[in-house]
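Residue numbers (the numbering used here): 537 to 886.
C-beta: ideal position from N, C-alpha, C; glycine also.
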Ligand code: P6P
């Protein structure tokens with residue numbers, strides 16, 4: 537991590553946050569303390585906020601605007617109807633491209649790295665995102681979200697970014713966050729020290745600090761997994777999940793099927809989320825770069841843990857933009873228990 541990033545972490549950690557602080561003021565406060573700051577990171581976060589508000593507005597009108605999963609039709613407003621996740625992808629890329637703060641974008645929606653035109657190539661950051669995770673839930677009005685992770689580029693500023701700028705360990709990340717579009721829109725972000733949530737007031741059009749310094753207790757009695765795949769899990773995972781249901785254990789199970797929603801609930805209330813390898817997803821279903829990395833960065837900044845069942849998620853170095861991984865993430869005690877269960881000899885399930 538460069539000195540600048542270390543200062544940024546300290547600035548974020550040291551700024552005084554009071555309820556009702558706007559995201560803009562939060563960004564100003566936390567970057568003001570760094571005399572050498574170029575303002576690129578502040579601008580990046582402001583553009584993320586802009587894109588998040590635009591997507592939030594569109595998601596909330598999806599049912600009305602004929603946006604539910606159709607493409608190419610012209611809707612009642614005469615707008616070209618784009619699938620919401622394509623809309624989210626375009627909106628975030630456009631918001632990040634113009635100020636010249638991002639050298640490349642790795643998106644779940646794009647096969648290859650998105651490189652801004654030459655005139656915008658001075659950016660020092662690389663942005664990895666799932667622009668609209670859980671979009672299959674839109675038609676049933678379930679909560680969805682945008683997930684993002686931010687690296688500082690390794691390649692020379694002004695040159696064309698390369699895959700080396702993104703195919704690197706998660707420990708290189710300088711920031712990560714998500715936007716959850718649910719009963720309200722909440723932007724959660726961290727630069728590594730402290731995790732803070734901002735809730736959008738759609739009337740004012742501003743994000744206000746609503747969840748200062750989110751922290752996870754060491755342990756919680758809630759697990760979140762799609763038990764429909766239990767037959768194809770590693771037997772040691774099956775045994776751990778079954779043991780939560782034993783009489784007197786007092787555990788709860790919650791599963792929304794939208795990663796951002798399941799993660800946000802666990803971050804706010806405690807819990808462990810599991811997406812093990814299954815027959816249909818032998819490498820796991822969730823993506824390393826723009827799902828596991830950002831949420832692992834956030835959960836560790838909040839005092840939790842995240843592994844792939846063997847190693848720390850942030851120690852992974854992906855080989856491809858869309859690599860997948862099993863994911864066990866949440867309160868540290870439970871993540872450690874699951875990881876230890878998978879380290880035991882295969883025959884000792886239970
Ligand atoms: P399953 C949504 O499609 C998603 O990518 C994540 O948001 C979610 O956690 C997961 O897939 C749900 O997968 O197999 O349980 O439907």
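Query: Rounded straight-line distance, which links the Cα of residue 679 to that of residue 615; Result: Because residue 615 carries a pLDDT of 46, less than 50, the predicted location of this residue cannot be relied on, and the following value inherits that uncertainty. Going by the C-alpha atoms only, they are around 24 Å apart.
Query: Cβ-based neighbour list, residue 711, same chain, cut-off 6 Å, excluding 5 preceding and 5 following; Result: 686 and 727
Query: Residue 499 - DSSP class collapsed to helix/strand/coil; Result: Given that the chain is displayed from residue 537 to residue 886, the structure contains no residue 499 and the question cannot be resolved.
Query: Closer than 7 Å: residue 802 CB and nearest ligand 2 heavy atom; Result: Of the ligands one can find in the structure shown, namely ligand 1, none is ligand 2.
Query: Burial state of residue 612, where buried means 16 or more other Cβ atoms lie within 10 Å; Result: Annotation note: pLDDT 43 at residue 612 (below 50); position unreliable, no value reported.
Query: Nearest-angstrom beta carbon gap, residue 853 and residue 704 [assumed within contact, 8 Å]; Result: 6 Å
Query: Cutoff 7 Å; reference residue 737; Cβ partners in own chain excluding five residues on either side; Result: 744
Query: Same chain only: Cβ atoms within 7 Å of residue 757, ignoring 5 sequence neighbours per side; Result: 786, 787 and 788
Query: Residue 858 - DSSP class collapsed to helix/strand/coil; Result: coil
Query: Residue burial classification, residue 779 (beta-carbon count within 10 angstroms, cutoff 16); Result: exposed
Query: Within 8 Å, strictly: CB atoms of residue 795 and residue 822; Result: yes
Query: Residue of 834, 684 and 692 minimising C-alpha distance to residue 657; Result: 692
Query: For residue 715 and residue 682, believed in contact at Cβ under 8 Å, the rounded distance; Result: 4 Å
Query: Opening and closing residue of the beta strand (DSSP E) in which residue 778 lies; Result: Where residue 778 is concerned, there is no enclosing beta strand (DSSP E), although the alpha helix (DSSP H) it sits in stretches over 771-780.
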